[in-house]
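This report refers to the structure that appears directly beneath it.
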Amino acid sequence: MIQGLSDKVSFPLTNIFIVNSSRKSAHSNAYFYGFWRNQRIVLFDTLLTREDLIVPSHKYVSNLSLKEERYTEVLSEHESSNTTISNDNQDSYEDYKFSKSEYIQGNLDSEKSFDPLSNEEVLAIVCHELGHWVYQHNIKSLVLNEIVLFVYIALFSLLLDNSLFYTRFGFVDSQPIIVGIVIIFGFIFAPIDFLLSFCINFLNRRFEYSADAFAAKMGMGSLLSSAIIKLTRDNKSFPINDPLYSTFHNHHPSTIERLNALKIYKTD
1 MIQGLSDKVS
11 FPLTNIFIVN
21 SSRKSAHSNA
31 YFYGFWRNQR
41 IVLFDTLLTR
51 EDLIVPSHKY
61 VSNLSLKEER
71 YTEVLSEHES
81 SNTTISNDNQ
91 DSYEDYKFSK
101 SEYIQGNLDS
111 EKSFDPLSNE
121 EVLAIVCHEL
131 GHWVYQHNIK
141 SLVLNEIVLF
151 VYIALFSLLL
161 DNSLFYTRFG
171 FVDSQPIIVG
181 IVIIFGFIFA
191 PIDFLLSFCI
201 NFLNRRFEYS
211 ADAFAAKMGM
221 GSLLSSAIIK
231 LTRDNKSFPI
241 NDPLYSTFHN
251 HHPSTIERLN
261 ALKIYKTD
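full-length UniProt numbering puts the first residue of the sequence shown at 1, with every later residue one more than the last.
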């Protein structure tokens, strides 16, 4: 399903990874990473149903058949010889020593025993992430962050050796570097940081809306809406925020804002 969706949008998918996050948290997520024509999709195991997770408890699982074989081999060697695992495998021992049934029952029954995401909803989440790739949001965010960094560096270098800057703060005959740094970071950068953070959050929120719109355009608006509701529940996120506060402080729209926007996208 994921491969077919990737081919449909010309996403150069080379591998799919499953991150074993359920042993530490119930947080669910999906993302892609890579350069140029070598892209990978990563899914948290908390996104998947128990039937999808009949795999050993590895941090990353790419080739499931090979990982399964290696898991069985190492575990059998350890149990039959009643000795410690070799140094080469010692770092991975915690991932190998639990049986599959223990992994499934111990980690997922308490978290995913009710109304997990369906395969179609997981695909809708992946479609949302592919929307970020189609619209090149990651590249735009990288360029924006570099511009912000350049602004800070340029402003810092401009003020640190500026005699007029020190004079305005009462240092007529001297330019103490420590005082200059404290003033710049404590007083000059504070309002600038607030404005730049607002601009970054505003653009990030636009990116999320456009990725949601892409999923709706691909015919997955309803599935994405139900997936967002389940993710909000599983991640224990509060679904409502004051719109003005959310605009200034949150880099993602609230659940209600995204659901309302998806209703509009589905009717367009």
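Cβ coordinates follow ideal geometry from the N, Cα and C atoms, glycine included.
Nearest-angstrom Cα distance between residue i and residue j?
i, j, result
"residue 57", "residue 244", "At residue 57, the pLDDT of 41 sits below 50, so the modelled position is not reliable; the number obtained from the coordinates is stated separately. If you take the alpha carbons of residue 57 and residue 244, they lie about 43 Å apart."
"residue 35", "residue 233", "33 Å"
"residue 3", "residue 149", "37 Å"
"residue 230", "residue 128", "15 Å"
"residue 221", "residue 184", "47 Å"
"residue 41", "residue 174", "56 Å"
"residue 171", "residue 163", "9 Å"
"residue 309", "residue 156", "Residue 309 lies beyond the residue range present for the chain, which begins at 1 and ends at 268; the question has no answer from this structure."
"residue 256", "residue 265", "14 Å"
"residue 178", "residue 168", "16 Å"
"residue 74", "residue 241", "Low confidence applies here, because residue 74 scores a pLDDT of 45, under 50, leaving its location unreliable and the question unanswered by this model."
"residue 190", "residue 15", "43 Å"
"residue 137", "residue 182", "35 Å"
"residue 139", "residue 24", "31 Å"
"residue 147", "residue 37", "26 Å"
Report the residue from the options whose alpha carbon sits nearest the alpha carbon of residue i.
i, options, result
"residue 17", "26, 47, 150 and 7", "47"
"residue 20", "148, 29, 14 and 133", "29"
"residue 260", "251, 216 and 176", "216"
"residue 270", "218, 151, 146 and 174", "Because the chain in this structure spans residues 1 to 268, residue 270 falls outside the shown range and cannot be described."
"residue 263", "163, 219 and 251", "219"
"residue 198", "168, 153 and 246", "246"
"residue 193", "153, 242 and 252", "153"
So, are the CB atoms of residue i and residue j less than 9 Å apart?
i, j, result
"residue 239", "residue 225", "no"
"residue 141", "residue 201", "no"
"residue 133", "residue 248", "no"
"residue 159", "residue 186", "no"
"residue 39", "residue 5", "no"
"residue 195", "residue 126", "no"
"residue 227", "residue 117", "yes"
Near residue i, which residues of its chain fall below 8 Å by C-beta distance, leaving aside the five closest residues on each side in sequence?
i, result
"residue 135", "207, 210, 211 and 214"
"residue 26", "46, 111, 234, 235 and 236"
"residue 161", "175"
What residues in its chain sit with their C-beta under 7 Å from that of residue i, if we drop five residues either side in the sequence?
i, result
"residue 223", "120, 121 and 124"
"residue 9", "130 and 134"
"residue 11", "39, 130 and 133"
"residue 1", "119 and 123"
"residue 7", "none"
"residue 250", "201 and 241"
Return the chain-ordered list of same chain residues with a C-beta closer than 6 Å to the C-beta of residue i, the five sequence neighbours on each side being excluded.
i, result
"residue 252", "208"
"residue 165", "159"
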